[in-house]
Structures are given as C-alpha cells and as structure tokens.
Amino acid sequence: MPLPTIALLLAASFSLGALPLTGWAVRVFTRRDLRALGTGNVGVSAAFIHGGKLAGIAAVLAEIARGILPVLAGRFCFPDAPAIAIALLIPLVAGRYAIARGGGVTNAVWGLLVFSPPMAVSSGIWGLLVWGLAQRWWGEGDRARLFASRCGCLCTPIWVWVWRQSIPEFLAATGLALLLAAINFSQGDDMALSKSEQLFSLDDSLDAAICGDKAAKLSQLKRAGFNVPAGFILSSKEEGRRKKEEGRGKRREGRRNEENADRLLISNSVIQNLKSKIQNRIIVRSSAAGEDGDTSSAAGQYQTIGPVFTEAELLDAINRCRQSYWTAEAVAYRRQRQLPDTQMAVLIQPYIDSEFAGVMFSRNPLDGGSQVIIEALPGGAEAVVGGKCTPVHLEIDFSTPESLEKQLTELKSNSILAQSILAELVKQAQAIEAFFHGIPQDIEWSWDGEKVWILQSRPITNLQPFWTRTIAAEVIPGAIRPLTWSINRPLTCGVWGEIFKVVLGDRASGLNFNETATLLGSHAYFNATLLGEIFRMMGLPEQGLEFLLRGQKMGKPPLRKIVPNLPGLWRLVQRERALNAEFKGDRTSIFLPALQSLDKEEGRGKKEEGRGSSEEILMPNYQHLSELLERAEQIQEWLKPITYYNILGPIGLAIRKAIFRVSDELLDNDTAPEIASVRALQQLAKKLRQGAVSQPDETVSVGHLAQRFAESPALQADFEKWLDIYGYLSEVGTDIAVPTWREQPEIYQKLLITMAQKAESNLVERRKIGLTFSLKWRLDKCEERALVKNEISEIYARLLAHLRWTFLEIEACGLAMQMFQESGDIFYVEFGEIQQWIRSGASVSFKDTIRERRDRLVADRDRPIPPVVYGNLLPNSQTRAIELATSETNIIQGIPASIGRVEGFVKICRTANTDLGENAIAVVPYTDAGWAPLLLGATAIIAEVGGQLSHGAIIAREYKIPAVMNIAEATTRLRDGQKVRVDGYLGTVELLE
C-alpha cells in the first residue's frame, strides 16, 4: 500500500474540508458573513437560518459533493482497502471544523451513503427511532434533537460492523464517529438559537417560560378553536442570551442601561417581518413570565401600546412595552408577590376595532358564586380595566338553565349589549372555564360587530384555593361539630402529608399539608389546589384537577412524567407491601393492649357507659378531669398510627383490585364490622322468631315479638352481648359527635324485632364455586388485604368510640360544674379549648360560644352545600341587589369589589402620592395600576368609579383588602377622619358618624 498516495489523499481531504464552501454560498446569495451571525458556525443549518432557502440549498449541494469526493477517491485508488475511503472522511471533517468552522455531519452522511447505502440507511433509521424515543421522554425540543444526532454519530461503527464485519472499517468508522460527536458537543446550536430570534405564533404550542403565561394561554385557546386574534410573540430568550453575553453573574447597573440594552435587541428584519405578517393596525402587549399566572395577575403593571401604524412606531412600542417591566410600580409588585425578576416577551396582534369591549368573570370574583360577571363599555376594553370609568355591570346567574334564560330576557332592554351578545359571552365564559379544567377565569373580550374575540384569559387569583367535597363527602359526611373537626383535621392532614412525602421526597418540602382539609359551612372540604399540585408533581394528567372539581375520570398519565416519579412510587409500593406485617406487629404491641386498658378504665359493667348524669358524679374535681384529659390525649396518640393504616389499607386494596382485576362482588366482606354486626343481629333475630312462631312462614306481629323478647332473659343477654361486641359502631364512624350503638339500645332492639318479622335473611352467604385457578389466586391476593383492612377499621372505630365516651365523661363533669348547659354541648367546643380549661383549673363559661356555634351548625345544615368552593368563602345563597344610595340609613351602595368588612377612618387621596398614614381607609377618585403602592397600605378602598374587573379591584382581591367601587363623589361626600364601615361583599359604605 503506497504511503505517499495515502498521505497525499489525507492532505487533499483536509484541504478540501477547509474550503469555506457554505460561507461562499451564503455570501453569493445574501452578502452576509455566517461567521458574524448566530453562533458563528458556518454550517448547513446556519445557511438556511441566516441565508434563506436558496443559500441553504446551495450549501447542501456543496457539502454533499465535498463528502462524496474523498470516498470516491479512496475507493478508486485503493479498491482492495475500503477502510481508507472511510478514513479519508476524518481529515475532511477535521479541516471542515478547524478552518471552515462547520460541523461536517452532512459530509460524513453522504460520504457513508456512497460507501455503503444499507449501512447509512440503517444508521439514519436508528437516529430517527432514538429521536422519537427522546421526544417521548423530554418532549419536542432541542434536547431530543441533539441527543438523537449524537447517538446517530456514535452508533455508526456498530452498523459498519453489522453490514461489513471488517475490523479496519470498524476502527475507521469509530474514529470518524468520535470526531463528529466531539465537534457536536463543542459547537453552538444555530437551530436552538434561532428559536430565540424567530417569531413564535399563537398557532404554535408555546412554552410559558419563554413566551409568558398570557401568550401561552391564548395559544391554547386559539388551537382549541376559540376566537382569538392571530398573534406573534417576540420571545424573551434573546434577552436572556444577551445578558449572558454581556457578562455572567453581573448585576444590573441601572434601569437606564437595561432599557437601552433592550432597544438593541430588535433587528430591522424582525420589525419588517412583523409588519409583513400584520398589514393593518397593530397592538403591542406584554407577556411577561408570571403575568396572568395561576397565583398572580400583574393586572395593569405592564404597558399595552396601540394602535400602531408604521415600522418605526412598532419598534418604539416594543421597546416601551419591554421597558415597562422595569418601572418602579412593576418591580414593587413583583417584590410584594415574591416573584423573581425574569424576562419580558412581547405579543403583537392585529388591533381589533371594537364596538363594545370589556371584561368578564366566569364566576363571581367575590365568593365564586354561579354568576358570570360582565362589565362593558363602548370602545376598547382598556377603558373598563383602567378604572377611570364606571362600566355597565351585569351579573348573570347560570345556576340553572331557567335562571339563565330568565336573566338574559330581563337584561334585553336594560343593557347596552344585545341579548344574543350576552348569551354568547356567557357561553364563552363557561366554555373557557371548562377548557382550563374548571378553574374560574378572568377574560378580556371584544365585540367587533360580528363576533366575540377573546383577548386574554387568566385565573381569578383571589378565588384560590379550590375546595372540593369529592373525597371529603365520603370520608366524613354531613355537618361537623367543632370538637370532631379539631381532632380529625390534624390526623387526616398529617397522615396524607406523610404518604405524599413518601412519593415526592424532597419536592414535598415546599407544600403545607396542614392545608389539606378545611371546614366551610360546617362541612369538610379537601384542598383541590394543593392536591392538584401534588398530582402534577406525581406526573398524573391534567384531568386530575377535573376529577377533584367535577368528578370526571382521570386519563392515563404520560410515560415521560411517570418515569421520574418511579422511585417515589416504588417507596409507596414498599410501604403498602409491608403494611400487613407492620400492622400485625403494631396490633400486638400497641392496639390490643390499648383497647384492653381502655375497656378496663371505662368500667364495662357500668350501666349506660359514658352517659352518666350530673347526679351520678357528686364531687367532680380537676384531678379526675386531668385523668380523663390524659386518656383523651393518649387515645389520639394511638389514633395516629391506626389512621395511617386506615388510609393506606384501602389505597392498597384498590390498587390490588385494579392490578388483579377483581370486582367488589367477588370479595368476601363478612369480616367487615358493619357486615359482621348485621349478620350477628340477624342470627339473633332468627332465634327470636323461632321461639315466637310454630311454622317458618307464619306471620307474627311486632307486639308479639316484643313481648317474647321481654319475657326471655336469654335473648336479652344475647342482645346485651351483641351490644357489648358491636356497640362501638355508629352511624358515622369518623364523627365522634354521633352516638354509638351502645348509647341507643332501644333503636337496635326495634331493629332486631323488625328483622325477626321477616322469614328470610337479606344477606346471602357467598360461595366461591367454579372459580378458575388464576381467578382464585388473584382473589386470594385481594382478600388478604381486605381482611387486614377490616381489622384496621375495627380498631380505628373502637378507638374513636372510646374517645367519644371519654369526652362524655368530661362533659358529665362539666355539667355538674355548670360549665355546660345540656348534653352534647362539649362537641361544640374545640379540643384545644378543653385542654386550656382543664389545665388552667379556672371556672370557664362556654355558654355563648356553644350557642353561637350551635346556631351556625343548624343554619349550615339547612343551606345548600356546593360540591366545590372557590376561595375561602361559601357563596351567598341570597341574591345581592345593587341599590341606590339611601341617606336615611346612612348606607351608600356601590359595586362590591373585594370581600371583607372593616371599620376605620377615612383618608381622602386625590393623588397617588398622598401620605396615607396607618390603618386608614383610602378614598380615591379611581384605581389604575399606578395607585397600587398607595392602595397596598390601606385597610380598605373606596373608589368613585370603576367596577369589579378594574385593575384596582383585582389588586385589592389579590391582597385581600376590602374594596367598594362606584361610590359617586366619594372624595367630596366623605371627609378626612370620618368613621365608616366598608363591606366589600355587599358593596356598601356605612357612615358611622
């Protein structure tokens, strides 16, 4: 093999690679130097991105020829040594990278294709498969593309070996692959960089981190078919890149430098491109990270500019919009909302000529009630949100189809909007809320004379968190007394928190599991917002929130989200698998000794245990009360581990039933306390009936059976034994305020007699006949867990019963000491209050507290309890009317804007620079974003104009400041220092002096 020829070919290949063919092609077509553009790479992708299609095609053809020539030369000169043809690609790629500043991938691909088509095609198919898998894992993006490219390079030697089985060729291909991979890692990525310079469209799937929440949400709506104007986004990535280039880690030296730098970002080509896409008038809108987000709205903080006509005006508008990110008010807002300073994307859309425009809420922003709130004015929506005009304010009840139709008809003649437009707005509001998984929406809209356009949609931030009865109604139904809740809530929240921590690990550190449940209208609710966040962290689908809010089925989670959570899920599976062994150990060492000691303390021979009257406790003392309190505290300590088992046990059983595909009908639940107790009572009823009739089918009266029971000491003893075994059960096992069976024997004696009247039992024995081996094995796996679950339920219910009986003993002492007025009073006192009373040894009266809480419980039992509550206030079931001011009652009626009731002294603020002082009620002429710093220091806000959807009202709700809008001439009718009462829910200002 002539070495001079080989050396000559190697040198020629390097020289050929060093020729800047792609750079020349771009210069010919565009007169641009690729070395000064983008990443500085002189590659094919850079030619397409910076030079256009013609330059890109010319570059591709040039690089194809460059890659083919060395391979053909090698095969021609050394037909018996094909490895040399591959080896010649190595200096070609090296010269391409070192001198011509290209990557060499195109050269290598086409060179290998000429060398061995099957090998090159196999390598290409493999790269595509890797790309597809990478997209499922990471999603569509640069990371998946680069990973596939690098894998394709590194796997080339494998396919050379598969097809050629030649060691020299394999070694040459390995050298080429390593060189290509090293170059790929070291070079910048023009395709990724171009995404920061290109214009994103609302027709694309947008990343909120790059394009802002506003643009991302509008993109979702537009792609879902809603009427959203076309739009283009100048992303914020370019700004982030510029900051890195100007100096990593450096702090901003001043707002002026930041603003001037922003001006340098926008090239003429970008402006020309935008103007070519939108021929007519343009509006420029902010879309910052965190704006229109789930927890902060940034309402009115950033600037919107329009209409814009010329390219010069467009450039100026984009700069002004970006600069508004750094105004003092915007920075202060982010500081107060604890939002980081990030980046500003800009949304550019056609300017809509509106006949009417405004804002609407898909639910009442004060309490989440079933009313669509619409505020409108002729012209653009900025007049409504600006707070300087009072818009037409409409509240349309959609709780029933009849009420919706009635209100639309009534508003037909009383609104500036036609009935058909109102109906369309309500329809759009409900559809958008449903699209965003039931999250109430604040929507900006416009009517151009033909259709309703959706300009913006964001969550109503003050209507959070969301509370759901979906799970709570099953766990603890009905109205709940304070004592029950003060014990159940920490137990439930603590156990669920422990389970979620197992799955989430360190990611759970920022979650407050004490907020897992709450009491609204005396009914238990679970925190759907917190659970939805946990679901997302666990990789469950977006429908998880709809499952909580609307009871809809959850879809299958995507694999790429489940895989990162596999370690946590495996930890939970390990806990579930170990549950049987752990419970049996705790049952022997903790629960059975605890129940035995409690049975002994309760005094099982005592008549009507735990219901002793004040006459039976002649000398109640605090020593005895302290002992009872210690017992109650100890029972709660025992309840912590059994509550954990009581929650994890059913979860494990449900998982096993799903995995093994076993239906509930096949499971044997005879050991469940509620089933076993009824079966035992039916056996007793059968015995009673047999002694009362001579024939099995004979009809017998209730009176005869009752007499037979009264005359039979054996039956009475059996019934007492039944009560002794199952008397711990109650109608609601989780509510210690509900009497146990032992406390009301007369009810179950009547039930016994009623059962004895019937000739046959209602419960039929289950028989496992004809089961296949597979089904029997699967059934055994589920019944093993079901048996343990039933044992857990029994211990849990018995401990709760003992806790109830302990509190009844405490109440008996309290009745004798006149702390309580009647039986059952103790359940209206929280456990912490009981602890404080007994430990202090002081004489305390709970009379007023109990009366107030009892009245509230009675009222809550009768009121409608919604399945979902938005925010921390139940919707008012009574209709609020906005009436004119009435001087006779000293009450001025306005528009309710932010809930809360405050008494205080007025401070008239005619400018935003007024010194508000401390604890003052701010009276302002209007509220736009510029008033935010002043308003945040007020205890309440009264505005002369504006509505519920103005920026000032939104800010007030975010910061939970009571606010009333549309109080005419408030700055002149009220005076400094005047005492008033502001009710932000009713929308009233009451003059107290």
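All letters in the sequence shown, in the order written, are residues 49 to 1041 by my numbering. Even glycine gets a Cβ: it sits at the ideal position worked out from N, Cα and C.
7 Å Cβ shell around residue i - same chain, five flanking residues per side excluded
| i | result |
| --- | --- |
| Cys259 | Phe248, Ile281, Ser283, Ser335 and Ala393 |
| Gly416 | Pro488, Leu511, Val917, Tyr918, Gly919 and Pro923 |
| Val1037 | Ile940, Gly942, Ile990, Val1012, Ile1015, Val1028 and Val1030 |
| Lys323 | Glu359 and Leu362 |
| Leu714 | Leu827 |
| Glu339 | Gly260, Asp261, Lys262, Ala346 and Tyr350 |
| Glu217 | Pro130, Ala131, Ile134 and Val208 |
Other residues of its chain near residue i: CB distance less than 6 Å, five sequence neighbours each side excluded
| i | result |
| --- | --- |
| Val276 | Leu266, Leu269, Lys270 and Ile502 |
| Thr782 | Ile524 |
| Tyr1026 | The question names Tyr, yet the displayed sequence has Gln at residue 1026. Contacts found: Val954. |
| Arg790 | Leu771 and Gly775 |
Pair within 8 Å by beta-carbon distance, residue i and residue j
| i | j | result |
| --- | --- | --- |
| Val474 | Phe446 | yes |
| Gly279 | Gln397 | yes |
| Ser410 | Ile491 | yes |
| Phe62 | Ala148 | no |
| Arg424 | Leu395 | Position check: residue 424 holds Ala in this sequence, whereas Arg was assumed. No, they are not a contact pair. |
| His485 | Leu646 | no |
| Ile134 | Phe163 | yes |
| Ile784 | Arg852 | yes |
| Gly1032 | Ser946 | yes |
| Leu729 | Leu799 | yes |
| Leu227 | Ile138 | yes |
Supposed contact pair residue j and residue i - C-beta distance, whole angstroms, cut 8 Å
| i | j | result |
| --- | --- | --- |
| Glu111 | Thr53 | With a Cβ gap of about 25 Å, Glu111 and Thr53 do not count as contacting. |
| Thr577 | Gln512 | 6 Å |
| Gly994 | Gly985 | Gly994 to Gly985, Cβ: 19 Å. No contact. |
| Leu753 | Ile801 | 5 Å |
| Leu136 | Leu219 | With 8 Å as the limit, Leu136 and Leu219 do not qualify as a contact, their Cβ atoms being about 14 Å apart. |
| Ile690 | Phe639 | 7 Å |
| Val750 | Gly526 | Contact flag wrong, Cβ pair sits at about 30 Å. |
| Val836 | Leu627 | 7 Å |
| Val332 | Cys369 | 5 Å |
Alpha-carbon spacing of residue i relative to residue j, whole angstroms
| i | j | result |
| --- | --- | --- |
| Thr788 | Thr518 | 26 Å |
| Gly65 | Asp255 | 39 Å |
| Arg83 | Thr154 | 19 Å |
| Val972 | Glu870 | 52 Å |
| Thr897 | Glu377 | 45 Å |
| Gly1043 | Phe195 | Any property of residue 1043 remains undetermined from this structure, which presents the chain solely from 49 to 1041. |
| Arg198 | Ala477 | 48 Å |
| Asn717 | Val906 | 36 Å |
| Leu1040 | Glu992 | 19 Å |
| Pro68 | Val90 | 8 Å |
| Leu823 | Ile703 | 16 Å |
| Ala1004 | Phe514 | 19 Å |
| Ala55 | Arg75 | 33 Å |
| Pro793 | Gly580 | 44 Å |
| Met586 | Asp81 | 49 Å |
| Phe821 | Ala720 | 26 Å |
| Pro697 | Gln384 | Correcting the residue type first, residue 697 is Gly in the shown sequence and not Pro. C-alpha separation (whole angstroms): 44 Å. |
| Ser891 | Ser637 | 40 Å |
Closer than 7 Å: residue i CB and nearest the ligand SAH heavy atom
| i | result |
| --- | --- |
| Asp828 | The ligand SAH is absent from the structure shown, which contains no ligand whatsoever. |
Where the beta strand (DSSP E) through residue i begins and ends
| i | result |
| --- | --- |
| Ala1016 | It is not in any beta strand (DSSP E) - Ala1016 carries neither H nor E in the DSSP assignment. |
| Gly952 | Arg949 to Ile956 |
| Lys1027 | Lys1027 to Asp1031 |
Unbroken alpha helix (DSSP H) run spanning residue i, endpoints
| i | result |
| --- | --- |
| Thr540 | Pro530 to Leu552 |
| Asp766 | Pro761 to Tyr774 |
| Gln467 | Gln467 to Phe483 |
| Ala66 | Leu51 to Ala66 |
| Leu568 | That residue, Leu568, is in no alpha helix (DSSP H); its beta strand (DSSP E) goes Ala565 to Leu568. |
Neighbourhood of residue i by C-beta distance below 8 Å, restricted to the same chain and skipping five residues each side
| i | result |
| --- | --- |
| Thr78 | His98, Gly99, Gly100 and Ala103 |
| Leu531 | Ile784, Ala785, Phe855, Ile874, Phe875, Tyr876, Val877, Glu878, Phe879 and Ile882 |
| Val157 | Gly115, Ala168 and Gly172 |
| Gly739 | Arg756, Ser760 and Leu763 |
| Ile480 | Leu269, Phe274, Ser410, Gln489, Ile491, Ile502 and Ser505 |
| Arg887 | Ser674 and Leu677 |
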